[in-house]
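In structure tokens, the structure reads:
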């Protein structure tokens with residue numbers, strides 16, 4: 008390939024060895040030294056770097072396991088022959104890779120270097136891609152709400168440079184941030200996803216249409232999945248599982264999430280098994296992984312309580328441990344999620360007093376850190392816990408708060424779902440203080456008539 012050979016990695020362990028070798032090479036290089044490194048002048052090396060940069064963005068969705076091999080070659084060429092505008096692409100992916108294997112602070116060092124290299128060389132042709140990958144890594148450190156606008160900046164910069172692939176990547180990441188942070192109303196999130204879909208159709212990026220989140224938002228808002236039909240040449244989920252595993256796994260995750268939110272256990276279990284059977288070895292550190300880790304953990308703990316299968320409990324605990332590790336880089340983004348997984352695990356194991364403490368921590372921190380969607384979910388799950396452990400008055404209070412927060416977020420169908428559950432379970436219940444029920448219905452639930 009243009010006179011350059013890529014390393015051959017036969018296993019994940021072998022790839023980790025190659026990554027560590029490059030880390031060791033860079034360890035003695037200061038940020039200022041790298042930023043002001045000699046400039047690449049060999050035209051054949053510059054051409055090779057351009058080819059590799061085009062290849063790596065394609066690998067993100069098609070063959071993510073090969074991303075380190077291309078990235079490491081770009082970094083090594085830059086160190087051996089000098090920096091070029093394209094070197095920023097190599098270093099931003101290298102930072103993302105380091106973050107994905109647990110070195111988040113070190114990863115942030117290299118994504119920031121990449122952004123500075125763009126400024127040094129005026130590399131507008133790669134700026135959109137660098138912004139996209141860098142922002143995803145920085146989102147594991149900075150409050151995620153503060154990074155939203157970076158992706159729209161990356162989208163605009165990429166469009167101006169004629170880089171539609173990086174523009175679509177930034178737009179997709181922005182839509183995901185809006186949905187999973189709850190920082191905007193879900194109706195606003197849906198409008199952005201619809202705009203994203205129009206952009207994808209205009210540029211014939213049909214595979215991305217299958218992972219757009221409009222189905223999720225249709226269900227949360229209306230209770231129906233009524234999105235328009237994709238173009239006739241849109242690939243099937245079976246095709247994606249073979250050719251585009253990233254998109255296939257995203258599709259299975261969306262199905263799992265929808266069924267989890269509406270408590271359709273059998274359909275959720277089916278989608279969950281499909282999700283875990285869709286093998287995807289990835290080395291990039293995208294924030295959607297945090298959402299998937301969080302929701303999958305909650306799903307698996309529920310599956311354990313339904314089946315008493317310790318495999319689900321063990322896997323859920325592993326995901327809880329991943330989230331615990333991320334709290335070391337950002338308590339703001341992850342601590343409330345960790346406590347909710349912790350509460351669900353306590354619930355599974357019969358540690359009810361510990362579970363209540365953890366549910367309350369999750370509710371408090373999600374409110375403090377402005378994740379209204381997670382606050383609603385934490386209240387809902389605390390309500391189910393309280394109900395199933397015989398604390399019916401507390402359950403009503405939690406569920407009323409969940410209903411209120413889902414309404415604030417704009418998840419109208421979901422808030423109505425909570426209201427109907429309360430009606431079916433608590434009305435005419437002789438074990439419940441009916442005055443408390445009426446009070447909750449008149450305060451936290453009184454405006455439900457607006458969603459009927």
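Numbering (our numbering), first residue to last: 8 to 459.
Yeah, the Cβ is synthetic: ideal placement off N, Cα and C, and Gly gets one too.
Proximity winner among the options, relative to residue i (alpha-carbon distances)
i, options, result
"residue 103", "394, 51, 173, 116", "116"
"residue 18", "55, 132, 290", "290"
"residue 340", "374, 287, 272", "374"
"residue 198", "343, 225, 176", "225"
"residue 7", "371, 32, 363", "The requested residue 7 is not part of the displayed model; the chain covers only 8 to 459."
"residue 377", "20, 101, 190, 181", "190"
"residue 47", "69, 65, 86", "86"
"residue 82", "29, 205, 113, 401", "29"
"residue 269", "363, 368, 418", "418"
"residue 255", "69, 267, 142, 92", "69"
"residue 33", "45, 113, 392", "113"
"residue 161", "149, 428, 141, 303", "141"
"residue 293", "428, 261, 159, 105", "105"
Range covered by the alpha helix (DSSP H) that runs through residue i
i, result
"residue 370", "359-375"
"residue 151", "No alpha helix (DSSP H) holds residue 151; DSSP gives it neither H nor E."
"residue 420", "419-433"
"residue 199", "193-209"
"residue 183", "171-188"
"residue 391", "379-395"
"residue 22", "19-34"
"residue 322", "317-334"
"residue 48", "Careful: residue 48 lies outside any alpha helix (DSSP H) and carries neither H nor E."
"residue 168", "That residue, residue 168, is in no alpha helix (DSSP H); it is neither H nor E in DSSP."
"residue 398", "From DSSP, residue 398 is part of no alpha helix (DSSP H); its letter is neither H nor E."
"residue 355", "338-355"
Residues of its chain near residue i, where Cβ-Cβ distance is below 7 Å and the 5 sequence neighbours each way are ignored
i, result
"residue 236", "With a pLDDT of 45 at residue 236, under the threshold of 50, the modelled position of that residue is not reliable, and no figure is offered here."
"residue 329", "300"
"residue 52", "84, 88"
"residue 409", "383, 386, 387, 390, 425"
"residue 453", "Confidence at residue 453 is low in this model, with a pLDDT of 45, below 50, so its placement is unreliable and the value that follows should be read with caution. If we look at residue 453 and ignore the five residues flanking it on each side, it has no Cβ neighbours."
"residue 259", "278, 281, 282, 285"
"residue 152", "188, 190, 377"
"residue 272", "313"
Cβ-Cβ distance between residue i and residue j below 7 Å
i, j, result
"residue 78", "residue 97", "yes"
"residue 139", "residue 173", "yes"
"residue 320", "residue 355", "yes"
"residue 263", "residue 275", "yes"
"residue 137", "residue 99", "yes"
"residue 193", "residue 416", "yes"
"residue 382", "residue 412", "yes"
"residue 406", "residue 425", "yes"
"residue 118", "residue 154", "no"
"residue 178", "residue 157", "no"
"residue 131", "residue 168", "yes"
"residue 420", "residue 230", "yes"
"residue 94", "residue 124", "yes"
"residue 359", "residue 314", "no"
"residue 337", "residue 180", "no"
Contact set for residue i: own chain, Cβ-Cβ below 8 Å, skip 5 residues either direction
i, result
"residue 71", "252, 253, 287, 288, 289, 290, 291"
"residue 23", "108"
"residue 316", "310"
"residue 308", "319, 320, 323, 348, 351, 352, 354, 355"
"residue 332", "109"
"residue 27", "none"
"residue 67", "74, 176, 253, 291"
"residue 185", "155, 191, 195, 196, 199"
"residue 365", "346, 347, 349, 350, 353"
Beta-carbon contacts of residue i that lie in its chain and below 6 Å, excluding the five residues immediately before and after
i, result
"residue 210", "171"
"residue 298", "187"
"residue 295", "183"
"residue 134", "125, 164"
"residue 345", "330, 331, 334"
"residue 129", "none"
Contact test: residue i Cβ vs the ligand ZN heavy atom, cutoff 6 Å
i, result
"residue 321", "Among the ligands in the structure shown, none appear at all, so the ligand ZN cannot be discussed."
- Entirely within the stretch 257-300 and at least 4 residues each: give me those alpha helix (DSSP H) ranges in chain order. 272-284
- Task: Would you list, in sequence order, the uninterrupted alpha helix (DSSP H) runs of no fewer than 4 residues that lie entirely inside the stretch 57-130?
- Result: 74-88, 94-107, 111-128
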